[in-house]
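1490 is the number that the numbering used here gives to position 340 of the sequence shown; each next residue is one higher, with no gaps. Think of the CB as a built atom: it goes at the ideal place given N, C-alpha and C, for glycine as much as any other residue. Note that the structure is a prediction, hence the values are computed from the model and not measured. The structure appears right after this line, and notes come after that.
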Amino acid sequence: MKNFKKIAALFLAIVMVGSTFAGCGKGSSKKEEETTVDKSSWTPEEYYGVDGWEAQENVIDDNYRNYYHIFVYSFADSDGDGVGDLNGITSKLDYIEEMGFNGIWLSPIHQSTTYHKYDVVDYYSIDEEYGTMEDFDKFMEECEKRGIKVILDLVFNHTSTKHQWFKEATEYVRSLEPGEEANIEECPYVDYYHIKKNEDVNGGKYYKISGSEYSYEGQFWDQMPDLNLASTEVRREVEEIAKFWVDKGVGGFRLDAAKEFYTGSAEKNIEVLSWFTQYCKNLDEDLYLVAEVWDSFSVIKNYYTSGITSIFDYAYGDSTGHIIKAIQQAGNGQTGKNLTANFIKTQNAYLESNPDMINAPFLSNHDCGRIAGFASQKPERMKMAAALNAFMSGSSFVYYGEELGMSGAGKDENKRAPMYWSDFGSMDGVCAGPSAMDEVKHKNGSLEDQKEDKYSIYWYYRNVYHIKNTYPEIARGTVAAMDAIEDGNVCAISKTYDGETIYILFNLNKETTVVDVPKDVYNYEGLVASLAVDENEVSMKGETVTLPAYGIAVIK
Ligand code: CA
C-alpha cells in the first residue's frame, strides 16, 4: 500500500512537470487542482519529479555549456591521502552530470610545487598528487560518455622556477663572466623569460638571479617567473602544449592571467589572445577558450576585440558584481530595472567587440570569496544569485561547492576548502584541504544532508540547471527588456533564439509582488517553469503572475 501511495505521488509529480515542473509553482487552473495534494511529506525526488527530467531536456552539443569549476586539490580524494585527485573526480561524474553540468574546468593538473599548481614544472605531465596519465585518459573517457566537455587551466603567463627552461636560463646567466652579455644563440631559454641586466631593471616586479648580474620578472610570486610571450620560440612551445592536450581529447582551455601577459599593455595582451585563439581555431573550430581578465566591463569589452570566444564576466561575478549588488539592493524600487539595463548594455557592448562572443558569467572562483559570504549566509540570496548566474546568456560557471552554499573567505586557502560531500570524511572522498587553511565552518549542510531537504540550495541548483537545459533560449537568447512590466524591483527580460522567445521575471524584492504580463504585447501560452526559494510558490492566473520574494517565473 505504501508503495502504491508513493507511485501515485510520483505519477502526480510527473503530470505536473508537464505543465510547470513540479513544486515550482501553481500554473494553469488545471494545475491548481493538482496542487491541492498535500506535498509536505513528499521526498525531494517526488516533489521535483526528477524521473521525468531527462526526457524534457533539450541539451545542444555546442559551446553554450554549464561549466562546473573544480579545484582539483579539494574536490574528491580516491585513495585516502586527503588530496583530491583525478580518480576522485571520475567517481563523482555521475553527480556532476545529474546536477545538469555538461562542462568541467579543471584547475591546473600539471606537475608543480604547490597545492594550487599554478606554477607549472612540466606542461606534459600530470602532477603525481593527482594521479597518472592513465587516470587522466580514463577521466576523459568517462566525460566523453556523458557528453561533458573538459577545459584545462592553461597557465602560460609564467612557469615555475623549477621548470627546465628557467633552470637552463638561470644556470646560463650564472656561468657568464662579469660584464659578459647573455647570448640567446648560446642559450635560447634566456629569451623565454623577461631576464634583464640588474642595471636595466627600472621598476616592475623583478627578482635577482643569485650569483649573476641578471634579474627576472615575476608578476605574482618570485617562484613564478613570467614568460616572454614576444618570443616566437615560447609561442611555438605553447602551441605544442595546447596541441598535446587537444589530441588527448581536451575541449579547450581557461587562460590564466591574461592581463599580465604584458603587464600594463592591453593592446599587446589582446594580440596574444588573438594569436592563441587563431591557433586553436585552426586546430579545431569547436575548441572553447575562456580568458581571465580580472577587470571592469569596459576593459573586458576591449579584450573581446581579440576574437576570443569567452572572458569571465567580472562585471557580474565576485563581491562587487551586478548580481550580488542586485541582491543586496533587493526591494529598493529600481533594482530589477537596473539589472535589466545592465544585461542589455553589457551584451550589446561585448557583441560589438566580437559578434561571436559567448559570455562567461560566474559568481565566485578560487580567488574570490564564496557567495555565502557575499549573501550574508542567507540561503534565499544564494539561490537567487545561482539562478541569475545560470540564466544569464552564455556559458555559466559554477565553482564547486556553491551548489551547497559552502563557506570560505579570507585567505586563499579558505576559498578552496574541501567539497562538503558528507560528514563521513574520507569514506566519501572528502579531502583534507590546503594545509594553511583555517577551519571553515559551513552554515548549510553537506550534500548528504541537503539531498533530504527539498528546499535546500542543492535542490534549487538542480532545478535551475534542469530548467536551463530544457529551454535552450535561456543560454543562447538575445536579451531584451520587457518594458510593459512596471514593477521596478522585477528584472523582466525576454530571450530570443532560433525564432523562439522565452520570458523570465526575477523578483528582486523581499516581498511578494503581483505583475501583469500583457498578452497583447508578449506572445506566450503560460508559465512553463518557476523557482521559489521556499514553500511560497510562484503562480500565474491568466496574465497575472504572483512572485513571492526572490521568486522567478519562466513564461513561454
Ligand atoms: Ca588522493
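Checklist entry - Between G1701 and the rest of its own chain, which residues show a CB-CB distance below 6 Å, the 5 nearest in sequence each way excluded? => result Locating residue 1701 in the sequence shown gives position 551, where the first residue counts as 1. Excluding sequence neighbours, G1701 sits near N1657, A1682, V1688.
Checklist entry - To which residues does DSSP link T1628 through a beta bridge? => result Indexing the sequence shown from 1 puts residue 1628 at position 478. Answer by DSSP bridge pairing, in chain order: T1646.
Checklist entry - Alpha carbon to alpha carbon, what distance is there between D1272 and A1707? => result Outside the shown range of the chain (1151 to 1706) lies residue 1707, about which nothing can therefore be said.
Item to check | Three-state class that DSSP yields for Y1707 in the structure shown | outcome: No information on residue 1707 is available, as it lies outside the stretch 1151 to 1706 that the chain covers here.
Checklist entry - Can the beta-carbon of W1571 be found less than 8 Å from the beta-carbon of Y1198? => result By 1-based counting over the sequence shown, the position of residue 1571 is 421. By 1-based counting over the sequence shown, the position of residue 1198 is 48. Pairing W1571 with Y1198 gives a Cβ-Cβ distance that is not under 8 Å.
Item to check | Within 6 Å of ligand 1: residues by beta-carbon to any heavy atom | outcome: Taking each Cβ in turn, the ones that pass are D1227, S1228, D1229, D1231, V1233, D1235.
Checklist entry - Quick one: Cα of V1364 to Cα of V1305, how far? => result For this step, residue 1364 is matched to residue 214 along the sequence shown. For this step, residue 1305 is matched to residue 155 along the sequence shown. The displayed chain sequence assigns Tyr, not Val, to residue 1364. C-alpha separation (whole angstroms): 24 Å.
Next on the checklist: Since V1300 and I1254 should fall inside the 8 Å C-beta cutoff, what is the C-beta to C-beta distance between them, to a whole number of angstroms?
Outcome noted: Against the sequence shown, residue 1300 aligns to sequence position 150. Against the sequence shown, residue 1254 aligns to sequence position 104. Sure, about 5 Å apart at Cβ, within 8 Å.
Checklist entry - Would S1325 count as contacting chain D if we go by Cβ distances under 8 Å? => result Absent here is chain D; the protein component of the structure consists of one chain.
Checklist entry - How would you write the range of the beta strand (DSSP E) that A1441 sits in, first residue to last? => result Stepping through the sequence shown from its first residue, residue 1441 is reached at position 291. Start and end: 1438 to 1441.
Item to check | Inter-residue spacing [alpha-carbon to alpha-carbon] between V1384 and V1400 | outcome: Here residue 1384 refers to the residue found at position 234 of the sequence shown. Here residue 1400 refers to the residue found at position 250 of the sequence shown. Cα-Cα distance, rounded: 21 Å.
Next on the checklist: Could you tell me the alpha carbon to alpha carbon distance between S1680 and Y1611, rounded to whole angstroms?
Outcome noted: Position 530 of the sequence shown holds residue 1680. Position 461 of the sequence shown holds residue 1611. If I take the Cα positions, the gap works out to 13 Å.
Next on the checklist: According to DSSP, is W1095 part of a helix, a strand, or is it coil?
Outcome noted: The structure shown does not extend to residue 1095, since the chain is modelled only from 1151 through 1706, so no value can be given for it.
Checklist entry - Cα separation between L1697 and R1531? => result Taking the first residue of the sequence shown as 1, we reach residue 1697 at position 547. Taking the first residue of the sequence shown as 1, we reach residue 1531 at position 381. Each residue's Cα considered, the two are about 15 Å apart.
Checklist entry - Are the beta-carbon atoms of Y1550 and M1577 separated by less than 8 Å? => result As a position in the sequence shown, residue 1550 is number 400, starting the count at 1. As a position in the sequence shown, residue 1577 is number 427, starting the count at 1. No Cβ-Cβ contact shorter than 8 Å links Y1550 with M1577.
Checklist entry - Could you give the residue range of the beta strand (DSSP E) that holds D1506? => result Counted from its first residue, the sequence shown places residue 1506 at position 356. It is not in any beta strand (DSSP E) - D1506 carries neither H nor E in the DSSP assignment.
Checklist entry - Which whole-angstrom value is the C-beta distance of S1460 and S1545, which I expect to be below 8 Å? => result As a working mapping, residue 1460 is identified with position 310 in the sequence shown. As a working mapping, residue 1545 is identified with position 395 in the sequence shown. Yes, they are in contact, since the Cβ atoms of S1460 and S1545 sit about 6 Å apart, within 8 Å.
Item to check | Other residues of its chain near M1534: CB distance less than 6 Å, five sequence neighbours each side excluded | outcome: On the sequence shown, position 384 is the one that residue 1534 refers to. Answer for M1534: I1477, Y1700, listed in chain order.
Item to check | Cβ-Cβ distance between L1243 and E1292 below 8 Å | outcome: By one-based count along the sequence shown, residue 1243 stands at place 93. By one-based count along the sequence shown, residue 1292 stands at place 142. Result yes, Cβ atoms of L1243 and E1292 sit closer than 8 Å.
Next on the checklist: Need the endpoints of the alpha helix (DSSP H) that L1243 sits in, please.
Outcome noted: As a first step, residue 1243 is located in the sequence shown; it is residue number 93 there, counting from the start. Segment 1243 to 1249, the alpha helix (DSSP H) holding L1243.
Next on the checklist: So, at 6 Å on beta carbons, what are the nonlocal neighbours of Y1339 in its own chain, with the 5 sequence-adjacent residues on each side left out?
Outcome noted: Working through the sequence shown from its first residue, we reach residue 1339 at position 189. Only residues of its own chain outside the window of five on either side were considered, and among them W1315, E1318, A1319 have a CB closer than 6 Å to the CB of Y1339, listed in chain order.
Item to check | Buried or exposed (CB count within 10 angstroms, at least 16 for buried), F1493 | outcome: Against the sequence shown, residue 1493 aligns to sequence position 343. So F1493 counts as buried.
Checklist entry - So which of N1509, G1232, V1443 has the shortest CA-CA distance to D1517? => result Counting from one through the sequence shown, the residue named residue 1517 turns up at place 367. Distance from the Cα of D1517 is smallest, within the candidate group N1509, G1232, V1443, for V1443.
Item to check | Alpha-carbon spacing of E1207 relative to H1616, whole angstroms | outcome: To locate residue 1207, count along the sequence shown from 1; it is residue 57. To locate residue 1616, count along the sequence shown from 1; it is residue 466. Here the alpha carbon of E1207 sits roughly 7 Å from the alpha carbon of H1616.
Checklist entry - So what does N1715 bridge to, in DSSP terms? => result Nothing in the structure corresponds to residue 1715, since the chain is present only between 1151 and 1706.
Checklist entry - Just how far apart, CA to CA, sit L1554 and G1361? => result As a working mapping, residue 1554 is identified with position 404 in the sequence shown. As a working mapping, residue 1361 is identified with position 211 in the sequence shown. Pairing L1554 with G1361, the inter-Cα distance amounts to about 51 Å.
Item to check | Uninterrupted beta strand (DSSP E) stretches inside the stretch 1271 to 1328 (no shorter than 3 residues) | outcome: Complete beta strand (DSSP E) runs here, min 3: 1299 to 1304.
Next on the checklist: Buried or exposed, going by whether 16 or more other CB atoms sit within 10 Å of the CB of F1171?
Outcome noted: The sequence position of residue 1171 within the sequence shown is 21, counting from 1. Residue confidence is low: F1171 scores 49 on pLDDT, short of 50, so the model does not pin down where it sits. Its coordinate-derived value is still stated next. Buried, by the Cβ-count rule.
Checklist entry - Among Q1600, I1508, I1474, which residue has its Cα nearest to the Cα of L1538? => result The residue you call residue 1538 lines up with position 388 of the sequence shown. Closest by alpha carbon: I1474.
Checklist entry - DSSP on F1426, reduced to helix/strand/coil? => result Within the sequence shown, residue 1426 is the residue found at index 276, counting from 1. Residue state, collapsed to three classes: helix.
Item to check | 6 Å Cβ shell around D1287 - same chain, five flanking residues per side excluded | outcome: Residue 1287 sits at position 137 when you count from the first residue of the sequence shown. Annotation for D1287: no residue places its beta carbon closer than 6 Å to its own, counting only its chain and skipping 5 residues before and after.
Checklist entry - Given K1358, which residues of its chain have a CB within under 6 Å of its CB, disregarding the five upstream and five downstream residues? => result For the purposes of this step, residue 1358 is identified with residue 208 of the sequence shown, where counting begins at 1. These residues qualify, in order along the chain: S1365.
Next on the checklist: Please classify T1490 as buried or exposed, where buried requires at least 16 neighbouring CB atoms within 10 angstroms.
Outcome noted: Numbered from 1 along the sequence shown, position 340 holds the residue referred to as residue 1490. With 16 or more Cβ atoms within 10 Å of its Cβ, T1490 is classed as buried.
Checklist entry - Beta carbon of V1222, beta carbon of I1246: below 8 Å? => result On the sequence shown, position 72 is the one that residue 1222 refers to. On the sequence shown, position 96 is the one that residue 1246 refers to. Inclusion of V1222 and I1246 in the CB contact set at 8 Å is not warranted, their separation being larger than that value.
Checklist entry - In angstroms, rounded to a whole number, what distance separates the CA positions of E1335 and Y1342? => result Start at 1 with the first residue of the sequence shown, and residue 1335 comes out as number 185. Start at 1 with the first residue of the sequence shown, and residue 1342 comes out as number 192. Rounded to the nearest angstrom, the two C-alpha atoms are 12 Å apart.
Next on the checklist: Between which residues of its own chain and D1685 is the CB-CB distance below 8 Å, once the five residues before and five after are set aside?
Outcome noted: Taking the sequence shown and counting its residues from 1, the one referred to as residue 1685 is at position 535. First, the residue type needs correcting, since residue 1685 is Glu and not Asp in the sequence shown. For E1685, where only same-chain residues beyond five positions count, the Cβ hits under 8 Å are Y1605.
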